Amino acid sequence: MPLVVYILGLTIFSLTTSEFMVAGMMPSLALAMDEPVTRIGYLISLYAMGMVIGGPLSTIVLLKLRVPNKRGLLWLLGFYVLAQSVAASATSYDILAIARVVTGVAAATCFGLSLAICADIVAPDARGRAAAVVIGGLMLASVVGVPVATLIDQHLGWRASFWLVVLLALMCLALISVLVPPSKPSEVVSLGKELGEFRNRHLWAAYASSGLIIGAIFAAFSYFAAILTQITGFQASDIPWLLGVYGVANVVGNGVVGRYADRYTTVIMVWGMVILSISLALFAVFAHDKTISVTLLVVTGLVGMSMNPAIIARVMKTAHPGPLVNTVHTSVINIGLGAGSWLGGLGIAAGYGLRSPLWVGVALAVLGLISLLPYLGHRPRDPVLSH
0 MPLVVYILGL
10 TIFSLTTSEF
20 MVAGMMPSLA
30 LAMDEPVTRI
40 GYLISLYAMG
50 MVIGGPLSTI
60 VLLKLRVPNK
70 RGLLWLLGFY
80 VLAQSVAASA
90 TSYDILAIAR
100 VVTGVAAATC
110 FGLSLAICAD
120 IVAPDARGRA
130 AAVVIGGLML
140 ASVVGVPVAT
150 LIDQHLGWRA
160 SFWLVVLLAL
170 MCLALISVLV
180 PPSKPSEVVS
190 LGKELGEFRN
200 RHLWAAYASS
210 GLIIGAIFAA
220 FSYFAAILTQ
230 ITGFQASDIP
240 WLLGVYGVAN
250 VVGNGVVGRY
260 ADRYTTVIMV
270 WGMVILSISL
280 ALFAVFAHDK
290 TISVTLLVVT
300 GLVGMSMNPA
310 IIARVMKTAH
320 PGPLVNTVHT
330 SVINIGLGAG
340 SWLGGLGIAA
350 GYGLRSPLWV
360 GVALAVLGLI
370 SLLPYLGHRP
380 RDPVLSH
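Just so we're aligned, residue 0 is where the sequence shown starts under numbering that gives the first Met the number 0, counting upward by one.
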């Protein structure tokens with residue numbers, strides 16, 4: 000596998016670490032910004048909102064302007080570095096919030112461009128493995144990036160964690176500028192053909208399931224640090240290794256699901272939602288018990304984000320996986336992420352306590368399960384899932 004593929008994976012690792020790391024440093028950010036935990040949780044939602052806005056629009060603009068993929072990625076990474084530097088220097092919540100939106104916009108397009116470059120520089124029969132390496136950066140962010148960022152926050156302060164991401168992004172920018180071969184200008188996409196895919200109602204059903212699944216996960220995950228310290232009784236210094244355990248479970252689950260996602264797409268998603276609903280409900284009931292909480296944290300990791308290969312496989316079977324279909328899917332996933340985090344915060348703000356995000360997660364997981372049931376009997380190539 001070319002070295003560049005791993006550099007692109009490192010780029011995704013950097014961007015995703017920035018997106019998720021707020022979950023591990025909510026107490027210190029709340030103290031530094033003099034804001035309640037609920038408002039700090041919205042910083043995850045704002046980043047996701049930026050990705051939702053930036054993904055489809057930026058992709059269309061770059062295609063219309065025929066900007067070569069390499070140049071587009073370098074521009075967007077440079078823009079990202081500037082916005083992340085503003086976030087690291089922020090002295091008020093409002094400035095930090097705006098910077099999070101802007102970094103999300105830049106990150107969304109970087110995701111798509113990284114995958115496009117990946118497809119250009121490897122042989123057609125190696126594209127799947129290469130894409131897996133690039134997206135692997137996302138999974139490693141939860142295993143390595145978030146715990147390390149949390150650890151740095153606890154010893155050097157939250158700003159140091161933000162500056163670390165700036166340095167990583169700068170390093171990726173430099174390596175990409177040197178190692179990635181010049182790319183050809185992007186072909187003008189046939190928007191009519193792409194938009195025609197959205198007349199497929201089953202595609203919208205697949206999108207809805209994706210949004211609900213991710214929303215269920217992040218309604219809970221966004222508040223794990225606060226729940227584990229304020230209810231379960233762990234010390235703040237325990238959060239990095241707890242998030243590390245959760246991340247390892249994500250990677251293990253992702254590996255298993257990735258192997259069988261194409262053959263058993265809907266079955267995997269249905270059982271995943273059943274187990275996720277039960278684990279979050281039990282977590283809410285037994286959040287005061289350390290042993291049970293850690294066990295359920297692992298179970299949630301195994302069946303939560305590890306659904307990604309299955310939800311992506313479902314969309315690709317439902318419609319032609321063109322750039323706009325996949326970009327909108329990324330936006331839907333981030334809508335679910337942001338909405339889940341926001342709804343979890345609403346439960347706390349309404350006075351239902353820190354356990355309420357877990358119950359919100361249960362409700363969203365049940366809705367996700369219901370959205371999948373009509374498709375449970377369909378085979379991968381069933382006509383109901385194609386045009």
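Yeah, the Cβ is synthetic: ideal placement off N, Cα and C, and Gly gets one too. On a predicted model such as this, the values are computed, not experimentally measured, just so you know.
So, at 6 Å on beta carbons, what are the nonlocal neighbours of E18 in its own chain, with the 5 sequence-adjacent residues on each side left out?
Y46
Could you check where the alpha helix (DSSP H) with N307 kicks off and where it finishes?
N307 to T317
Give the C-beta separation of G214 and A338 to the nearest angstrom, bearing in mind that I take them to be a contact with Cβ-Cβ under 8 Å.
5 Å
Quick check: the Cα distance between A219 and P181, rounded to an integer number of angstroms?
43 Å
Under the three-state DSSP convention, the category M25 falls into:
Three-state DSSP puts M25 in a helix.
Please tell me whether L371 and M268 are closer than 8 Å, where the distance is taken between their beta carbons.
yes
Consult DSSP for T231 and reduce its assignment to one of helix, strand or coil.
coil
Spatial neighbours of G103 within its chain, please: C-beta separation below 6 Å, excluding the five flanking residues on both sides.
Y46, G49 and M50
On the criterion of 16 or more Cβ atoms from any shown chain inside 10 Å, does H154 qualify as buried, or is it exposed?
exposed
Tell me the start and end of each unbroken alpha helix (DSSP H) in the stretch 10-77 that is at least 4 residues and wholly inside, in chain order.
25-32 and 36-63
According to the neighbour-count rule (16 or more other Cβ atoms, all chains shown, within 10 Å of its Cβ), is S88 buried or exposed?
exposed
Hey, would you say A286 sits closer than 8 Å to S292, going by beta carbons?
In contact: A286 and S292 (Cβ atoms closer than 8 Å).
Which first and last residues belong to the alpha helix (DSSP H) in which T90 is found?
For T90, no alpha helix (DSSP H) encloses it, and the DSSP letter there is neither H nor E.
Along the chain, where does the alpha helix (DSSP H) containing D152 start, and where does it finish?
V145 to L155
So, helix, strand or coil for D237, using DSSP?
helix
Just to confirm my understanding: we take D288, look at its own chain, exclude 5 residues before and 5 after, and list those with CB closer than 8 Å. What are they?
T231
Which same chain residues end up closer than 6 Å to F233 when comparing Cβ atoms and leaving out the 5 residues on each side of it in sequence?
L227
Along the alpha helix (DSSP H) that carries P402, what are the first and last residues, could you check?
This structure leaves residue 402 out entirely; the chain is present only between 0 and 386.
Can you tell which of S113, L81, C117 and V147 has the C-alpha that lies nearest to the C-alpha of V100?
If you compare the alpha carbons of S113, L81, C117 and V147 with that of V100, the shortest gap goes to L81.
Pick out whichever of S141, G271 and L166 has its Cα sitting closest to the Cα of P239.
S141
Going by other Cβ atoms of all chains shown within 10 Å of its Cβ, with 16 needed for buried, is G350 buried or exposed?
exposed
Expected contact under 8 Å - CB spacing of L7 and S91 to nearest Å
Going by Cβ atoms, the distance from L7 to S91 rounds to 34 Å, so no, they are not a contact pair.
Outcome for M272 when other beta-carbon atoms lying within 10 angstroms are tallied against a minimum of 16:
buried
What residue range does the alpha helix (DSSP H) around H201 cover?
First-last of the alpha helix (DSSP H) with H201: R200 to F220.
Cα separation between Y259 and T265?
11 Å
Close Cβ partners of V359 (< 6 Å) along its chain, the five nearest in sequence each way excluded
Once the five neighbours on either side are set aside, the close Cβ partners of V359 are A218, L342, G343 and G346.
Beta-carbon within less than 7 Å of V327's beta-carbon, same chain only, minus the 5 sequence neighbours each way: which residues are those?
P55, listed in sequence order.
At least three beta-carbon pairs within less than 8 Å, the stretch 64-76 to the stretch 171-180:
The stretch 64-76 makes contact with the stretch 171-180: 3 or more CB pairs, one atom from each, lie closer than 8 Å.
Coarse secondary structure for Y5, derived from DSSP in three states:
DSSP places Y5 within a helical segment (H, G or I) once states are collapsed to three.
Buried or exposed by the 16-neighbour rule on C-beta atoms within 10 Å, applied to A159:
exposed
Comparing alpha-carbon positions, which option in I39, A105 and W162 lies nearest S390?
No information on residue 390 is available, as it lies outside the stretch 0 to 386 that the chain covers here.
Cβ distance (whole Å) where V85 is taken to contact V4 below 8 Å:
Between V4 and V85 the Cβ distance is about 30 Å, and since that is not below 8 Å, they are no contact.
Within the same chain, show all residues whose beta-carbon is closer than 6 Å to that of S236, passing over the 5 residues directly before and after it, in chain order.
Excluding sequence neighbours, S236 sits near nothing in its chain.
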